[in-house]
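One structure below.
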Amino acid sequence: MLSLEEIFPPFALRVACGPVELRVLRDDDVPELVELVRGGVTDPALPMPFLQAWHEEPFTPGAPDGFPTSSLRWWWTQRATCSPEEWRLALTVRRDGVLVGMQDLHAVAFPQRRSVLTGSWLGRAHHGVGTGTLMRRLAVVLALDELGAAQCESGYIVGNHASAAVSRKVGYRENGRHRVVQRSAAGAVGADEQRVVVTRDTVVRPGEPVTVEGAAVLRRFLGVDDLPHSASSADSHIDGHDVGDDAG
């Protein structure tokens, strides 16, 4: 009988460094993830970081609307629609085995564009201990070194100094601003988003070795086996270099 990882190769992915580990979201993670969201994911002193205020939806378990049903639809849709033409990886972030946040990667026409969008969030109780920067570094290392990306793009709402600091520590550089619409229970509002981009020339790698498992089968699944990448096998250990303290 085939394993679940053989049936759906993204489940075989594991990226780890020090106390932090990234894996593709599984159904068994959902109860813990729901409790994490209920504990809060944003700092009320900072601008709302999301385009859609999904974290503010009423908690209505078992109902057709509200949280967690709406988020479940989104997480399951990402899995169901993952293909070489467009893919999303919703990665759980665990620190010392405890689920603390999510790290997302998204790409459209990746073999041609070689660009990955990254986004992330942490539970409020886990802010300020360095996890935010390390998880983003791991996502960028995965994209650049293992999948053959030429760059990773992201963005943050102007005024969100915490997100700006994490981006700088990972090696993202400013790449222009544009106007976006944020939607919450209070209605739609306009906001300025700072776009940022990181490449192999600017990335700040973790200070400890990064372990990646399952990259080879993931590349085949995403149809990017022929793209150049720095790793030599499905299981790789990538050395980093020392970096400063991280407040993300």
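Numbers 27 to 274, taken from the working numbering, label the letters of the sequence shown in order.
Using N, Cα and C, we set each Cβ at its ideal position, and we do this for glycine too.
Worksheet item: Which residues bound the alpha helix (DSSP H) around Gln129?
Response: For the purposes of this step, residue 129 is identified with residue 103 of the sequence shown, where counting begins at 1. In the DSSP annotation of this structure, Gln129 is not part of any alpha helix (DSSP H); the continuous beta strand (DSSP E) holding it starts and ends at Val124 to Val134.
Fill in: Residue from Gly158, Glu58, Ser29 and Ala188 whose Cα sits closest to the Cα of Leu125
Here residue 125 corresponds to residue number 99 of the sequence shown, with the count starting at 1. Comparing Cα-Cα distances from Leu125 to each of Gly158, Glu58, Ser29 and Ala188, the minimum goes to Glu58.
Fill in: Residues sharing a beta bridge with Arg121, DSSP
Along the sequence shown, one-based indexing puts residue 121 at 95. Looking at the DSSP assignment, Arg121 forms a beta bridge with Val46 and Val124.
Discussion item. Let me check understanding here. Comparing Cα to Cα, which of Pro45, Trp113 and Arg64 lies closest to Leu248?
Written reply: In the sequence shown, counting from the first residue as 1, residue 248 sits at position 222. Answer by Cα proximity: Trp113.
Worksheet entry | chain C contact for Trp80 (CB, 8 angstroms cutoff) | No chain C is part of this structure, which consists of one protein chain only.
Worksheet entry | Buried versus exposed, by CB contacts within 10 Å (16 or more), Leu168 | Position 142 of the sequence shown, counted from the start, is the residue given in the question as residue 168. Around the Cβ of Leu168, a 10 Å sphere holds 16 or more other Cβ atoms; the residue is buried.
Worksheet item: Does the count of Cβ pairs from the stretch 229-243 and the stretch 115-129 closer than 8 angstroms reach three?
Response: At 8 angstroms Cβ cutoff, the stretches do not touch.
Worksheet item: What is the residue span of the beta strand (DSSP E) that Val215 lies within?
Response: Start at 1 with the first residue of the sequence shown, and residue 215 comes out as number 189. Note, Val215: beta strand (DSSP E), Gly213 to Val224.
Worksheet item: For Glu179, which three-state DSSP category applies?
Response: Reading the sequence shown from its first residue, position 153 is the one you call residue 179. For Glu179, the three-state secondary structure derived from DSSP is strand.
Discussion item. Taking only three categories from DSSP, how would you classify Phe34?
Written reply: As a working mapping, residue 34 is identified with position 8 in the sequence shown. Residue state for Phe34 is assigned as coil, using DSSP reduced to three classes.
Worksheet item: In terms of alpha-carbon separation, which member of Ala217, Val56, Leu30 and Val215 lies closest to Pro87?
Response: Taking the first residue of the sequence shown as position 1, residue 87 is located at position 61. Between Pro87 and the set Ala217, Val56, Leu30 and Val215, the nearest pair of CA atoms involves Val56.
Practice prompt. Could you tell me whether the Cβ atoms of Gly20 and Val192 are closer together than 8 angstroms?
Written response: The requested residue 20 is not part of the displayed model; the chain covers only 27 to 274.
Worksheet item: Across which residues does DSSP place Glu58 in a beta bridge pair?
Response: For this step, residue 58 is matched to residue 32 along the sequence shown. None; Glu58 has no bridge partner.
Fill in: Inter-residue spacing [alpha-carbon to alpha-carbon] between Gly181 and Arg99
The residue you call residue 181 lines up with position 155 of the sequence shown. The residue you call residue 99 lines up with position 73 of the sequence shown. Roughly 24 angstroms between the two C-alpha positions.
Worksheet item: Per DSSP, what kind of secondary structure is Glu83 in: helix, strand or coil?
Response: Here residue 83 is taken as the residue at index 57 of the sequence shown, counted from 1. Reduced to three states, the DSSP call for Glu83 is coil.
Item to complete: Could you spell out where the alpha helix (DSSP H) holding Gly158 opens and where it closes?
Response: As a position in the sequence shown, residue 158 is number 132, starting the count at 1. Per DSSP, Gly158 belongs to the alpha helix (DSSP H) from Thr157 to Val167.
Fill in: Cβ neighbour criterion (16 or more within 10 Å) applied to Gln129
In the sequence shown, counting from the first residue as 1, residue 129 sits at position 103. Residue environment: Gln129 is assigned as buried (16 or more neighbouring CB atoms within 10 Å of its CB, all protein chains considered).
Item to complete: Spatial neighbours of Leu30 within its chain, please: CB distance less than 8 angstroms, with the 5 preceding and 5 following residues excluded, ordered by chain position.
Response: Your numbering for residue 30 matches position 4 in the sequence shown. Answer for Leu30: Phe37, listed in chain order.
Item to complete: In angstroms with no decimal places, state the Cα-to-Cα distance between Leu48 and Leu164.
Response: Residue 48 sits at position 22 when you count from the first residue of the sequence shown. Residue 164 sits at position 138 when you count from the first residue of the sequence shown. Annotation: Leu48 to Leu164 spans about 8 angstroms, alpha carbon to alpha carbon.
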